[in-house]
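The block underneath contains the structure these notes are about, expressed in structure tokens.
2 protein chains.
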Amino acid sequence: MPENSHGNRTQIAAAKLRQMIIAGDLPPGQRISEREISTHLDGLSRTPLREALKMLAAEGLVCISPNRGATVAALSISEVEDILELIVGLEGLAAERACQRISDAEISEIEALHRLMHDAFRDGRLMDYFEINQRIHQEIVDGAGNRELSRIYAAACARIQRYRYAGNRRHERWDRAVAEHDQIVTALKDRDGALLRELLRAHHRNGWRVARILVENELNEGKA
Amino acid sequence: MPENSHGNRTQIAAAKLRQMIIAGDLPPGQRISEREISTHLDGLSRTPLREALKMLAAEGLVCISPNRGATVAALSISEVEDILELIVGLEGLAAERACQRISDAEISEIEALHRLMHDAFRDGRLMDYFEINQRIHQEIVDGAGNRELSRIYAAACARIQRYRYAGNRRHERWDRAVAEHDQIVTALKDRDGALLRELLRAHHRNGWRVARILVENELNEGKA
DNA sequence: ACCAACCACATTGCATGCAATGCGTTGACA
DNA sequence: TGTCAACGCATTGCATGCAATGTGGTTGGT
Numbered sequence: 002m003p004e005n006s007h008g009n010r011t012q013i014a015a016a017k018l019r020q021m022i023i024a025g026d027l028p029p030g031q032r033i034s035e036r037e038i039s040t041h042l043d044g045l046s047r048t049p050l051r052e053a054l055k056m057l058a059a060e061g062l063v064c065i066s067p068n069r070g071a072t073v074a075a076l077s078i079s080e081v082e083d084i085l086e087l088i089v090g091l092e093g094l095a096a097e098r099a100c101q102r103i104s105d106a107e108i109s110e111i112e113a114l115h116r117l118m119h120d121a122f123r124d125g126r127l128m129d130y131f132e133i134n135q136r137i138h139q140e141i142v143d144g145a146g147n148r149e150l151s152r153i154y155a156a157a158c159a160r161i162q163r164y165r166y167a168g169n170r171r172h173e174r175w176d177r178a179v180a181e182h183d184q185i186v187t188a189l190k191d192r193d194g195a196l197l198r199e200l201l202r203a204h205h206r207n208g209w210r211v212a213r214i215l216v217e218n219e220l221n222e223g224k225a
Numbered sequence: 002m003p004e005n006s007h008g009n010r011t012q013i014a015a016a017k018l019r020q021m022i023i024a025g026d027l028p029p030g031q032r033i034s035e036r037e038i039s040t041h042l043d044g045l046s047r048t049p050l051r052e053a054l055k056m057l058a059a060e061g062l063v064c065i066s067p068n069r070g071a072t073v074a075a076l077s078i079s080e081v082e083d084i085l086e087l088i089v090g091l092e093g094l095a096a097e098r099a100c101q102r103i104s105d106a107e108i109s110e111i112e113a114l115h116r117l118m119h120d121a122f123r124d125g126r127l128m129d130y131f132e133i134n135q136r137i138h139q140e141i142v143d144g145a146g147n148r149e150l151s152r153i154y155a156a157a158c159a160r161i162q163r164y165r166y167a168g169n170r171r172h173e174r175w176d177r178a179v180a181e182h183d184q185i186v187t188a189l190k191d192r193d194g195a196l197l198r199e200l201l202r203a204h205h206r207n208g209w210r211v212a213r214i215l216v217e218n219e220l221n222e223g224k225a
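Quick mapping for you: the protein sequence lines, in order, are chains F and G.
One gets the working numbering by counting positions in the first sequence from 1 and adding 1 to each.
One gets the working numbering by counting positions in the second sequence from 1 and adding 1 to each.
Okay, here's the thing in structure tokens:
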């Protein structure tokens, strides 16, 4: 039983499309023609595909215009910044709860991820680094023990992931980000919620300062 | 052009179902049979209805089990509390931003709502009171000027609205809540973000302390 | 030469029909 | 009498066909 047979065709289609959008295979603004996409997804019919699109629209990943079809959600700089502000806020809330409630075992798991991230950094495996980095943040949020918070945080991250990582072929700021993560893990181990909160806020602010320029360039190229 | 022809039948069905769930016309755990519900919704076919259900599932308002159909999402006490904690957190984030960014005109609008709420209180119009109350909170959040925050806040409120207001036939705590709202509006006028945040937190905590008992009774009755 | 109305094509929106899955019931056997 | 298996019904899952809407191109007029 392949892992993908998890659930019905609607769920599979939604998962595949979600992944393609998050990874950037389908760029923002890209039209999603029902018939065209259906041929790329095992030739499944339009009905489950439409259901999947409606779900992704509710998640904010695609935009559906009545009688005009679906497109991959294209966010403006300020919309990305709004979502990023939300993410920082959610992480801040989670950080303080996490420092009170997280177990030593969970902290160990995060430390293990942290070491994996260091390895990926040392070996120059950029995509692995990004993925582990994201997982660390998610696990810190999960540490707050609030499933709804975790869900919303994950959904918000998915919406802007492409904007934060897409153009980052070069590892500008990479060493700096790793150093910040060292501090973050230390603050978590010390269970210093207020400090953790501020470190996370600064970490995201610094990261966006770099990514923003790439996104701006990309948007300008799109116009030109 | 009737106001309901806003959008296509999927959107209309979603809006109606959403309203029915939030208002409690469809109680938590209620099975939503596609064919049965379709007859209650102008006899529209199952296809747009299914699309609407998928959207509501993505919003967390309904729960879909593969091959077993949809039910109105039934939340446990702790799930309601998780969402409430999230709401309090989001309001707190919004409160500090709102105190920096909100315009005097928006404050005036909130004050006007506040007076309407007082009127509803004086005249004993409970449902009007609830609705205006909710709108005040939403407008405070909107005052932060972050659309994504506003959207997520609204969605979270929708998920637990029924649990907070459903059983409140009697107006326990009503006068107390109005007094708290007076303080809240004052803090907003003074643009005291930290105070506003704490007032909102206390307001929700006090409100839930009462509503929780009603929800617990309801859940126990359901078992018995 | 430019603009506007019209027509044909492509795409989405929706209804219906059939296949597949789950559930309740009945009947037989231990 | 209790339990398990097989059958039938009801419901969901999906594909397809038709109607409605939007789009682009062409033609006719000014």
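For glycine and all other residues, C-beta sits at the position ideal for the given N, C-alpha and C.
Item to check | Rounded separation between G/Ile111 and F/Glu82 - CA only | outcome: Residue numbering aside, residue 111 of chain G sits at position 110 when the second sequence is read from its first letter. Residue numbering aside, residue 82 of chain F sits at position 81 when the first sequence is read from its first letter. Rounded to whole angstroms, the separation of the alpha carbons of F/Glu82 and G/Ile111 is 26 Å.
Item to check | Span separating the alpha-carbon of G/Arg32 from that of G/Ile65 | outcome: Position 31 of the second sequence, counted from the start, is the residue given in the question as residue 32 of chain G. Position 64 of the second sequence, counted from the start, is the residue given in the question as residue 65 of chain G. If you take the alpha carbons of G/Arg32 and G/Ile65, they lie about 10 Å apart.
Checklist entry - Can you list the residues of chain F that G/Pro29 reaches, using a CB-CB cut of under 9 Å? => result Taking the second sequence and counting its residues from 1, one reaches residue 29 of chain G at position 28. By Cβ distance, chain F contributes nothing, its closest Cβ being about 16 Å from G/Pro29, past 9 Å.
Item to check | Spatially closest choice to G/Glu52 from G/Gln139, G/Glu35 and G/His41, by CA coordinates | outcome: For this step, residue 52 of chain G is matched to residue 51 along the second sequence. Measuring from the Cα of G/Glu52, the nearest candidate turns out to be G/Glu35.
Checklist entry - Is the beta carbon of F/His205 sitting closer than 7 Å to the one on F/Val73? => result Here residue 205 of chain F refers to the residue found at position 204 when the first sequence is read from its first residue. Here residue 73 of chain F refers to the residue found at position 72 when the first sequence is read from its first residue. Against a cut-off of 7 Å, the Cβ pair of F/Val73 and F/His205 comes out as no contact.
Next on the checklist: Please report the straight-line C-alpha distance between F/Ile144 and F/Ser104, rounded to a whole angstrom.
Outcome noted: On the first sequence, residue 144 of chain F is found 143 positions in, with the first residue counted as 1. On the first sequence, residue 104 of chain F is found 103 positions in, with the first residue counted as 1. Rather than Ile, the amino acid found at residue 144 of chain F in this sequence is Gly. Near 8 Å, if we compare the C-alpha coordinates of F/Ser104 and F/Gly144.
Next on the checklist: Determine, for G/Ala74, whether the minimum Cβ-Cβ distance to residues of chain F falls below 7 Å.
Outcome noted: Along the second sequence, one-based indexing puts residue 74 of chain G at 73. Look at G/Ala74: its C-beta is not under 7 Å from any C-beta on chain F.
Checklist entry - Which residues in the same chain have their Cβ closer than 7 Å to the Cβ of F/Met2, if we skip the five residues on either side of it in sequence? => result Position 1 of the first sequence, counting from 1, holds the residue named residue 2 of chain F. Confidence at F/Met2 is low in this model, with a pLDDT of 41, below 50, so its placement is unreliable and the value that follows should be read with caution. Excluding sequence neighbours, F/Met2 sits near nothing in its chain.
Checklist entry - Is there at least one Cβ from chain F nearer than 7 Å to G/Asp143's Cβ? => result Locating residue 143 of chain G in the second sequence gives position 142, where the first residue counts as 1. No, its Cβ sits nowhere closer than 7 Å to a Cβ of chain F.
Next on the checklist: Which runs of the alpha helix (DSSP H) at least 4 residues long sit entirely within the stretch 142-221 of chain F? Give them in chain order.
Outcome noted: Listed in chain order, they are 148-166 and 175-190.
Next on the checklist: Closest to F/Leu50 by C-alpha separation, out of F/Arg192, F/Ser151, F/Glu86 and F/Arg10, would be which residue?
Outcome noted: Residue numbering aside, residue 50 of chain F sits at position 49 when the first sequence is read from its first letter. Put simply, of F/Arg192, F/Ser151, F/Glu86 and F/Arg10 the residue whose alpha carbon is nearest the alpha carbon of F/Leu50 is F/Arg10.
Checklist entry - Where does the unbroken alpha helix (DSSP H) through F/Gly93 begin, and where does it stop? => result Position 92 of the first sequence, counting from 1, holds the residue named residue 93 of chain F. Counting along the chain, the alpha helix (DSSP H) containing F/Gly93 begins and ends at Ile78 to Arg102.
Checklist entry - In or out: F/Ala106 buried (at least 16 other Cβ within 10 Å) or exposed? => result Stepping through the first sequence from its first residue, residue 106 of chain F is reached at position 105. Exposed.
Checklist entry - Whose C-alpha, out of G/Glu140, G/Glu80 and G/Arg19, is nearest the C-alpha of G/Val216? => result Along the second sequence, one-based indexing puts residue 216 of chain G at 215. When each option's Cα is compared against that of G/Val216, the closest is G/Glu80.
Item to check | Supposed close pair F/Met56, G/Ala59 - CB separation, criterion 8 Å | outcome: For the purposes of this step, residue 56 of chain F is identified with residue 55 of the first sequence, where counting begins at 1. For the purposes of this step, residue 59 of chain G is identified with residue 58 of the second sequence, where counting begins at 1. Contact holds; Cβ gap of about 5 Å.
Next on the checklist: In this structure, how does DSSP classify G/Ala71 when only helix, strand and coil are distinguished?
Outcome noted: Along the second sequence, one-based indexing puts residue 71 of chain G at 70. Three-state DSSP puts G/Ala71 in a strand.
Next on the checklist: Please classify G/Ala195 as buried or exposed, where buried requires at least 16 other C-beta atoms within 10 Å of its C-beta.
Outcome noted: Along the second sequence, read from residue 1 onward, the residue named residue 195 of chain G stands at position 194. Note on G/Ala195: under 16 other CB atoms within 10 angstroms of its CB, so exposed under the neighbour-count rule.
Checklist entry - Run through DSSP, which three-state label would F/Arg47 get? => result As a first step, residue 47 of chain F is located in the first sequence; it is residue number 46 there, counting from the start. The answer is helix: DSSP assigns F/Arg47 an H, G or I state.
Item to check | Assigned secondary structure, G/Ser34 (DSSP; H/G/I helix, E/B strand, else coil) | outcome: Here residue 34 of chain G corresponds to residue number 33 of the second sequence, with the count starting at 1. Three-state result, G/Ser34: coil.
Checklist entry - Between the beta-carbon of G/Leu275 and the beta-carbon of G/Ile133, is there less than 7 Å? => result Limits of chain G in this structure are 2 at one end and 225 at the other, which puts residue 275 of chain G out of reach.
Item to check | F/Glu92 classed as buried or exposed, judged by whether at least 16 other C-beta atoms fall within 10 angstroms | outcome: Looking up residue 92 of chain F in the first sequence gives position 91. Buried, since its Cβ has 16 or more Cβ neighbours within 10 Å.
Next on the checklist: Within 10 Å of its beta-carbon, does F/His115 have 16 or more other beta-carbons around it, so buried, or fewer, so exposed?
Outcome noted: For the purposes of this step, residue 115 of chain F is taken as the residue at position 114 of the first sequence. Under this definition F/His115 is a buried residue.
Checklist entry - If you compare alpha carbons, which of G/Ala15, G/Gln12 and G/Asp26 is closest to G/Gln162? => result Locating residue 162 of chain G in the second sequence gives position 161, counting from the first residue. Just measuring C-alpha positions, the residue of G/Ala15, G/Gln12 and G/Asp26 sitting nearest G/Gln162 is G/Asp26.
Next on the checklist: Can you tell me which residues form a DSSP beta bridge with F/Ser66?
Outcome noted: Translated into positions along the first sequence, residue 66 of chain F becomes position 65. Checking the DSSP bridge columns, you'll see F/Ser66 partnered with F/Gly70.
Item to check | Contact residues within the stretch 90-110 of chain G, judged by C-beta distance below 7 Å to chain F | outcome: Residues of the stretch 90-110 of chain G with a C-beta atom less than 7 Å from some C-beta of chain F are Gly90 and Leu94, listed in chain order.
Checklist entry - Between which two residues does the alpha helix (DSSP H) containing G/Arg126 stretch? => result Start at 1 with the first residue of the second sequence, and residue 126 of chain G comes out as number 125. Here G/Arg126 belongs to no alpha helix (DSSP H), and DSSP marks it neither H nor E.
Item to check | G/Leu18: first and last residue of the uninterrupted alpha helix (DSSP H) it sits in | outcome: What you label residue 18 of chain G is simply residue 17 of the second sequence in a count that begins at 1. Run containing G/Leu18: Arg10 to Ala24, per the alpha helix (DSSP H) assignment.
Next on the checklist: Taking the straight line between their C-alpha atoms, what separation do you get for G/Gln12 and G/Pro67?
Outcome noted: On the second sequence, residue 12 of chain G is found 11 positions in, with the first residue counted as 1. On the second sequence, residue 67 of chain G is found 66 positions in, with the first residue counted as 1. C-alpha separation (whole angstroms): 23 Å.
Checklist entry - When the Cα atoms are used, what is the spatial distance from F/Glu86 to G/Trp175? => result Counted from its first residue, the first sequence places residue 86 of chain F at position 85. Counted from its first residue, the second sequence places residue 175 of chain G at position 174. Straight-line Cα distance between these residues: approximately 35 Å.
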